[in-house]
Amino acid sequence: MKTDVVVVGAGFAGMYMLYRLREAGFSARVLEVADGVGGTWYWNRYPGARCDVMSMDYSFSFDDALQKEWIWSEKYATQPEILRYANHVADRFDLRRDIQFETRVTSARFNESTQRWSVETDGGETFDTQYYIFASGCLSVPKAIDIEGQNGFAGATYHTADWPLDGVNFSGQRVAVIGTGSSGIQSMPIIAAQARALTVFQRTPAFSLPAENRPMDDDERARLQNDYPRRRAGSRHSLFGVPDYPMEKSAFEVSDEEREQAYEGAWDKGELIAIMQQYNDLLIDDAANETAANFVRNKIRSIVKDPDVAETLCPTSFPIGTKRACLDTGYYEMFNQDHVELVDLLKSPIEKITATGVKTSDREFEFDAIVFATGFDAMTGAIVNVDVRGVDGVELADKWDAGPRAYLGLAAHQFPNLFMITGPGSPSVMSNMIVSIEQHVEWITDCLVQARDNDVATIEATSEAEQLWVDHVNDVANMTLFPQANSWYMGANVPGKPRLFMPYIGGCGVYRDKCDEVAKNGYEGFTMSSHTVKHASAG
Ligand code: FAD
Ligand code: NAP
11 MKTDVVVVGA GFAGMYMLYR LREAGFSARV LEVADGVGGT WYWNRYPGAR
61 CDVMSMDYSF SFDDALQKEW IWSEKYATQP EILRYANHVA DRFDLRRDIQ
111 FETRVTSARF NESTQRWSVE TDGGETFDTQ YYIFASGCLS VPKAIDIEGQ
161 NGFAGATYHT ADWPLDGVNF SGQRVAVIGT GSSGIQSMPI IAAQARALTV
211 FQRTPAFSLP AENRPMDDDE RARLQNDYPR RRAGSRHSLF GVPDYPMEKS
261 AFEVSDEERE QAYEGAWDKG ELIAIMQQYN DLLIDDAANE TAANFVRNKI
311 RSIVKDPDVA ETLCPTSFPI GTKRACLDTG YYEMFNQDHV ELVDLLKSPI
361 EKITATGVKT SDREFEFDAI VFATGFDAMT GAIVNVDVRG VDGVELADKW
411 DAGPRAYLGL AAHQFPNLFM ITGPGSPSVM SNMIVSIEQH VEWITDCLVQ
461 ARDNDVATIE ATSEAEQLWV DHVNDVANMT LFPQANSWYM GANVPGKPRL
511 FMPYIGGCGV YRDKCDEVAK NGYEGFTMSS HTVKHASAG
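For the sequence shown, the working numbering begins at 11 and goes up steadily by one.
As structure tokens, then:
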């Protein structure tokens, strides 16, 4: 099949990309593994799954009627509600006719003589396309389970990111959950409410803050909707893609009492970044960070009644905020229930999964079900899963062997006409992702329109621009405390993955300005070629 653009993935990124491409007059085909739209919200159906950026902000802003007509029922919508929203967007804009479901892209090859991509699927189809766009998600490939004996367990096993479509009932069961990141922390209080016994296997404790979730009443919704012009604009030019708090002071410019009061207020807000945005040095100064970390540790100690359990739940091995914080509903309180047990894997690691349960270095446990909440091969997993070959047959996976390299996180040298939505080196997972998705989709569409209007056959990032951007991404990360943590931002959760900070932490607003400037300067840092001749861009 011949088309102008192939888009991989029908999550929010792929859906909006399709909408924009159509509006701009391009033909496009979206290829998606699942049998429905929604991406993250299609796959992650575990109990308790919900967003942790307020729904009024974690939603599309590109269509005013859409943002006014959709009624979010809670501050943080549940997975089913977000999936309904994704389906509503697909129907409202008639997207499904250009989305091919149950189709996995397996390879993409650039043909230098035709200057087009040849894209193959697991169904044996080939697409001949001028542009190839990854909208395949930063958190869409579950990390391979690296625990011995996983397949020998006689009971049921589940992964939070590949949850059965019709749900699971744990009533009366002895359940294990392995992993205490956001997925584990969101799901466990609900699993505990059903199960006869819940055993939590924790390797690294996380910092979790209360979501303070609540139904959204009509007045609040109307107030926020009326404020959308200011709120959306604020998000686009913010650090993390949500309306900013002022961050004028250092944590040490105020008295201990004032700081403690500020943290209390932020804790009660129930927002992911409320504490970390109190002072401007919390993510760059160890001592400042420790004031916030200590505050949260003391909160854990005040909630969890057993002092040993509380201490085990207190993170001490990384600065707060440098592994992604979690928002929970009743997570720490759950440990006050008699049928919930915490196992500290730092003291007694898992040796293997047995036919009947889990064996740690000092005990054997029996379970009816094991839930893996063990995370993702983040940011690069879905991209390198496809066999992508660019100019001279160079493999993208080889190019990224020592870590991902992309200009603005959008494009890679030697891979003409290939774009990534929220690719490594862009704010992506450091932001409200929908804000970042909209920005990338709009930038890419404008770029493709410019190329078409100027009879450009290929557009490719230069090696120099790519190197400068990769250096910049690293330099900014190294000014912060982020590299101290063994996080998935650093690739540290996947054995053998290169250890470097993958997203751009310079902020959504700064990044947007940079992308706009690149476009304004004639796509500075890109090489454009006409159908026969290559020439450097104006910039
Ligand atoms: P995805 O939604 O991941 O969609 C990518 C799609 O590509 C998937 O459907 C996948 O099946 C498909 N795909 C991948 N490879 C191929 C292939 N080779 N061929 C065909 N199809 C392919 N972000 C926030 O900002 N706020 C939140 O509150 C938030 N909560 C989250 C909660 C969970 C449980 C998780 C896992 C992530 C969360 N995120 C959150 C991040 C979330 O991933 C993004 O917000 C957003 O949904 C990503 O959309 P996307 O379209 O880029 O990718
Ligand atoms: P994660 O944050 O990577 O957490 C995985 C957990 O599993 C960690 O506690 C990890 O411990 C543990 N683990 C991994 N392998 C293990 C092993 N072999 N043995 C024991 N423990 C192991 O993954 P996630 O919870 O799925 O979340 C990923 C991201 O998705 C989040 O950070 C967030 O961006 C997004 N998300 C958001 C929400 C939301 O609230 N909206 C919900 C879910 C996910 P170590 O830390 O020691 O490796």
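All C-beta atoms in this analysis are idealised placements derived from N, C-alpha and C, irrespective of residue type, glycine included.
1) How far does the alpha helix (DSSP H) with T50 in it reach, from first residue to last?
2) Is DSSP giving N427 helix, strand or coil here?
3) Mark G403 as exposed unless 16 or more other C-beta atoms lie within 10 angstroms of its C-beta, in which case mark it buried.
4) Would you decide whether H545 is buried or exposed? Buried here means 16 or more other CB atoms lie within 10 Å of its CB.
5) To which residues of the same chain is G535 closer than 7 Å at the C-beta, ignoring the five residues directly before and after it?
6) So, with DSSP's three-state summary, where would you put S218?
7) Is the number of C-beta pairs between the stretch 31-51 and the stretch 102-115 that are closer than 8 Å three or more?
8) S197: buried (16+ other C-beta within 10 angstroms of its C-beta) or exposed?
9) When the Cα of T50 is compared with those of Q89, F511, P225, Q212, which residue comes out closest?
10) What's the call for P623, buried or exposed, on a 16-neighbour Cβ count within 10 Å?
11) For F550, verify whether its CB is less than 7 Å away from any heavy atom of the ligand FAD.
12) Give me the DSSP bridge partner(s) of W127.
13) What is the DSSP secondary structure of I444, reduced to helix, strand or coil?
14) Taking Cβ positions, are S83 and M286 nearer each other than 8 Å?
15) How would you label L428, buried or exposed, when you count the other beta carbons within 10 angstroms and need 16 or more for buried?
16) Quick one: what's P225 bridged to in DSSP?
17) Distance check for T468 and A461, CA to CA, integer angstroms please.
18) Please report how far the alpha carbon of E222 lies from the alpha carbon of G280, in whole angstroms.
19) Would you call A81 buried or exposed, if buried means 16 or more other Cβ atoms sit within 10 Å of its Cβ?
20) Pull up the DSSP beta-bridge partners for L208, would you.
21) From I331 to F492, what does the alpha carbon distance come to, in whole angstroms?
22) Based on the DSSP output, what are the partners of Y417 in its beta bridges?
23) Got a sec, what are the start and stop residues for the beta strand (DSSP E) V252 sits in?
24) With DSSP collapsed to three states, give me the class of I393.
25) Assuming I195 and C61 are in contact, meaning their beta carbons sit under 8 Å apart, how far apart are those beta carbons, in whole angstroms?
26) In whole angstroms, give me the CA-to-CA distance for N299 and Y255.
27) What's the call for K78, buried or exposed, on a 16-neighbour Cβ count within 10 Å?
28) Report buried or exposed for Y141, applying the criterion of at least 16 other Cβ atoms within 10 angstroms of its Cβ.
29) Thinking V445 and C518 are a contact (beta carbons under 8 Å), I'd like their distance in whole angstroms, please.
30) Is the stretch 147-157 close to the stretch 383-390, with three or more CB pairs under 8 Å?
31) With a 10 Å radius around its C-beta and 16 neighbouring C-beta atoms as the bar for buried, classify H423 as buried or exposed.
32) Taking DSSP as the reference, what is the three-state secondary structure of C336?
33) Apart from the five residues just before and just after T167, which ones in its own chain have a Cβ nearer than 6 Å to its Cβ?
34) Excluding the 5 residues flanking S312 on each side, which residues of the same chain have their C-beta closer than 6 Å to its C-beta?
35) Any chance the CB of V439 is under 7 Å from a heavy atom of the ligand NAP?
Well, looking at it:
1) DSSP places T50 inside the alpha helix (DSSP H), whose first and last residues are 50-53.
2) Of the three classes helix, strand and coil, the one that applies to N427 here is coil, per DSSP.
3) Exposed is the call here.
4) Residue confidence is low: H545 scores 42 on pLDDT, short of 50, so the model does not pin down where it sits. Its coordinate-derived value is still stated next. Exposed, because fewer than 16 other Cβ atoms sit within 10 Å of the Cβ of H545.
5) Apart from the 5 residues on each side of it in sequence, G535 sits with its Cβ closer than 7 Å to the Cβ of Y417, A471, T472, A475, V528, G549 in its chain, given in chain order.
6) DSSP places S218 in strand when its eight states are reduced to three.
7) Flag = yes, the stretch 31-51 and the stretch 102-115 touch.
8) Buried: at least 16 other Cβ atoms inside 10 Å.
9) Checked all of Q89, F511, P225, Q212; the closest Cα to T50 is Q89.
10) Because residue 623 is not part of the residues shown, which for the chain are 11 to 549, the question remains open.
11) Beyond the ends of the chain as shown, which are 11 and 549, falls residue 550; an answer cannot be given.
12) Note: W127 is bridge-paired with F120, T139 in the DSSP secondary-structure output.
13) Three-state DSSP puts I444 in a helix.
14) Not in contact: S83 and M286 (Cβ atoms no closer than 8 Å).
15) L428 is classed as buried because its beta carbon has at least 16 other beta carbons within 10 Å across all chains shown.
16) Residue pairing of P225 in beta bridges, as defined by DSSP: E84.
17) A461 and T468 have their C-alpha atoms roughly 8 Å apart.
18) Distance between the alpha carbons of E222 and G280: 5 Å.
19) Inspection of the sequence shows that residue 81 is occupied by Ile rather than by Ala. It is exposed - the Cβ of I81 has fewer than 16 other Cβ atoms within 10 Å.
20) Its beta-bridge partners are V185, V350.
21) The sequence shown places Gly at residue 331, not Ile. Using only the alpha carbons, I get a separation of about 8 Å.
22) Beta-bridge analysis with DSSP links Y417 to A421.
23) Counted as a single uninterrupted DSSP element, the stretch harbouring V252 is not any beta strand (DSSP E), since DSSP gives it neither H nor E.
24) DSSP, read as helix, strand or coil, puts I393 in helix.
25) With 8 Å as the limit, I195 and C61 do not qualify as a contact, their Cβ atoms being about 14 Å apart.
26) Near 17 Å, if we compare the C-alpha coordinates of Y255 and N299.
27) Answer is exposed; the Cβ neighbour count stays below 16.
28) By the 10 Å Cβ count, Y141 comes out buried.
29) Confirmed, about 6 Å.
30) A contact exists between the stretch 147-157 and the stretch 383-390.
31) By the 10 Å Cβ count, H423 comes out buried.
32) Strand, per DSSP.
33) Taking C-beta separations shorter than 6 Å and ignoring five residues to either side along the sequence, the partners of T167 in its chain run I380, following chain order.
34) So the list is empty, once near-sequence residues are dropped.
35) Yes.
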